[in-house]
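The sequence shown runs -16 to 227 under our numbering.
To keep things clear, I will list the structure first and then write my remarks on it.
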Amino acid sequence: MTKPIELYFWPTPNGHKVTIAAEEMGLDYEIRPVNIGRGEQFSPAFEALSPNNRMPALLDPDGPGGKPISVFESGAILQYLGRKSGKFYPTDERARVDVEQWLFWQVGGLGPMGGQANHFRNYAAAMTADQRHLAYGANRYTNELNRLYGVMERGLEGRDYFAGDYSIADMAIWPWAYYPNSRGIDLDDFPNVKAWATRVGAREAVQRAMAKGQAARDRAVDLAGAGADAEAQRKILFGQRARR
Ligand SMILES: N[C@@H](CCC(=O)N[C@@H](CS)C(=O)NCC(=O)O)C(=O)O
């Protein structure tokens, strides 16, 4: 009997993408929590899987040729799982390109820009004595995120899902469209996105994936919060430099 796929996970948008994919594809998997606020992403064992010291990462004991394979970067993980399962990642070239352009748009745009908007709007305030220093960054990333929501709004015109049929692109985008308010976005300004987010959020597999992340979510500290634990975690997460 083959062993389950190990998903190295923490309950952030990037983490949720891969549990959603695993649930949607009906894969046999186990969640391996990586508490990034406690620095577990820097353990030698995890770094061997993810040299970028970021989760998610995956270890499939039954990779190509029946041998183990590890994958880091959420987009690469979604593509790997899509190929492995033969689901939600079409093989027809035109359909595949359509999925991939939205997938890479998320990984290279919506994720980093949404992350920065969240950082300047919610976390940096707890680390900066003079709040005026935050305004430029908060405005820049909130505006860019707003622009990206406009791209989603137009992309969904006349379509239920980003690439026509539901795919790994929707799985990548959905967790990043899940927390709009804290990032300065009013979903009512983007009705196509709102309807799509509701449609995806209603899927049983998505709900199962979010429920499976709950145990880790209960252990996660609010990084915008007060208190010694939140402060210690902010020190681990923010201000990292090259490690040698
Ligand atoms: N491009 C990466 C980004 C992954 C990423 O940024 N993960 C964050 C959590 S959302 C992380 O592990 N952070 C740990 C840290 O900042 O030390 C991907 O798509 O997988």
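We put the beta carbon where it would ideally sit given N, CA and C, even for glycine.
query                                                                                                                                                                                : result
By alpha-carbon positions, which one of Gly91, Ser53, Gly210 ends up nearest to Glu127?                                                                                              : Gly91
Under a Cβ-count criterion, where at least 16 other Cβ atoms within 10 Å of its own Cβ denotes burial, should Gln89 be classed as buried or exposed?                                 : buried
Do Val176 and Leu131 have their C-beta atoms closer together than 8 Å?                                                                                                               : no
If contact is defined by three or more beta carbon pairs under 8 Å, each pair taking one atom from either stretch, is the stretch 182 to 189 in contact with the stretch 150 to 157? : yes
Here's the rule: buried if 16 or more other CB atoms are within 10 angstroms of the residue's CB, otherwise exposed. What is Gly152?                                                 : The displayed chain sequence assigns Ala, not Gly, to residue 152. Buried is the call here.
Closer than 7 Å by C-beta to Leu117: which residues in its own chain qualify, once you throw out the five before and the five after it? Chain order, please.                         : Phe103, Ala107, Ala108, Thr111
On a CA-only basis, which of Ala4, Tyr124, Tyr149, Ser57 is nearest Pro73? Give me that one, please.                                                                                 : Tyr149
Can you tell me whether DSSP reads Phe25 as helix, strand or coil?                                                                                                                   : helix
Provide the residue span of the alpha helix (DSSP H) that contains Glu6, from first to last.                                                                                         : -4 to 8
Tell me, to the nearest whole angstrom, how far the beta carbon of Phe87 is from that of Met38; I am working on the premise that it is less than 8 Å.                                : With a Cβ gap of about 20 Å, Phe87 and Met38 do not count as contacting.
Could you check which residue in Ala198, Glu214, Gly98 has the C-alpha nearest to that of Asp205?                                                                                    : Glu214
With a Cβ-Cβ cutoff of 8 Å, do Ile14 and Leu(-10) count as a contact?                                                                                                                : yes
By DSSP's criteria, Asp43 is part of a beta bridge. Which residues make up the other side?                                                                                           : Ile52
Comparing the CB of Val54 with every heavy atom of ligand 1, is any distance shorter than 7 Å?                                                                                       : no
Go to Arg15, then tell me how far its beta strand (DSSP E) extends in each direction, as first and last residue.                                                                     : 12 to 16
If we count the other Cβ atoms within 10 Å of its Cβ and call it buried at 16 or more, is Met(-16) buried or exposed?                                                                : exposed
Considering Leu(-10), what are the terminal residues of the beta strand (DSSP E) in which it resides?                                                                                : -12 to -8
When burial is assigned at 16 or more other CB atoms within 10 Å of the CB, is Pro(-6) buried or exposed?                                                                            : buried
Sorted by chain position, which residues of the same chain lie with C-beta nearer than 6 Å to Gly20's C-beta, five sequence neighbours on each side aside?                           : Val204, Gln216
Could you tell me how far apart the beta carbons of Ala188 and Glu6 are, in whole angstroms, since I believe they sit closer than 8 Å?                                               : 4 Å
Using only the heavy atoms of ligand 1, determine whether one of them is closer than 7 Å to the beta carbon of Thr(-5).                                                              : yes
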